[in-house]
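For reference, the structure is listed below as structure tokens.
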Amino acid sequence: MAKSGSGSVWEWGLAEFRDKAAADAPTPGGGSAAMVSAAIGMGLVVMALRITARKADDPSRYEALVLSGERLMGELSAHADADIGAFEGYMAALKLPKETDMDKAARRQALQDASKAATEIPLNAAASCLEALDLARQAAPLANDHIVSDVAAGAILIHGAMSAALLNVDINVKSLKDEAAVADYRKSRRRLQESGDERRRAIDSYVAERLA
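Numbering (the numbering used here), first residue to last: 64 to 275.
Here's what the structure looks like:
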């Protein structure tokens, strides 16, 4: 989902993205910044795999992992734009008319729908991050000694991005009236965070042994 009116965040230069993040505007916010970081982190993992493959006796054993990494970079990149789109959807719902009872009911429903979308999008982003951490965990034992630190650095960025994205879940569920949905969202949020933490610890432990 591209940012309406001004294209995708990926059309901006790095300095432009940095300056927009620091500007007195709500977007790009924490969710989109997190997913930009995650995509870059995934890029580091893919880079390590490519360099290792180039020097390997059998480069073909790395092909599937590189392809998975490229797909995940695309997913994570798309989540950055989706985060901005979710915020814009909520702001559009806020601006709906509220003159009549029918207007008010329609506006309330639109706000609930927008809040659900703004909750589900970071959950989906975190799920992509979890898959990216799984790939980093597979890459760590394969990467050459001189570049395994880049796999670890990528995993740190991806894990941090997941944690940052999940903060949006905590904020957005507060606007929801559907208690059953809120319970499901919070359960998913806990599961994703715990799974991500476990994978990050496994990667850290393995890389620490390699670097010792």
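The C-beta atom is built at its ideal place from N, Cα and C for all residues, glycine as well.
G26 (DSSP reduced to helix, strand or coil): Summary: the structure shown does not reach residue 26, with the chain confined to residues 64 through 275, and so no result is reported for it.
Own chain partners of A188 with C-beta closer than 6 Å, once the 5 adjacent residues on each side are dropped: M98, H142, A228
Reduced DSSP secondary structure (H/G/I, E/B, other) of G70: strand
Local Cβ density within 10 Å of A156, reported as buried at 16 or more and exposed below that: buried
Cβ-Cβ distance between L196 and R262 below 7 Å: yes
Run of the alpha helix (DSSP H) containing E162, from where it starts to where it stops: It is not in any alpha helix (DSSP H) - E162 carries neither H nor E in the DSSP assignment.
Backbone secondary structure at A271 - three-state DSSP: helix
Cβ shell of S100 (< 6 Å), same chain only, five flanking positions each side left out: L220, A224
Spatial neighbours of G104 in its chain, beta-carbon cut-off 6 Å, leaving aside the 5 residues before and after: G217, L220, I221
Residue environment, K179, which counts as buried when at least 16 other CB atoms sit within 10 Å: buried
Sequence-distant residues of its chain with Cβ nearer than 8 Å to Q256 (five each side left out): A189, M225, S226, L229
Length of the line joining the Cα atoms of L193 and D260: 9 Å
Supposed contact pair L107 and L128 - C-beta distance, whole angstroms, cut 8 Å: With 8 Å as the limit, L128 and L107 do not qualify as a contact, their Cβ atoms being about 14 Å apart.
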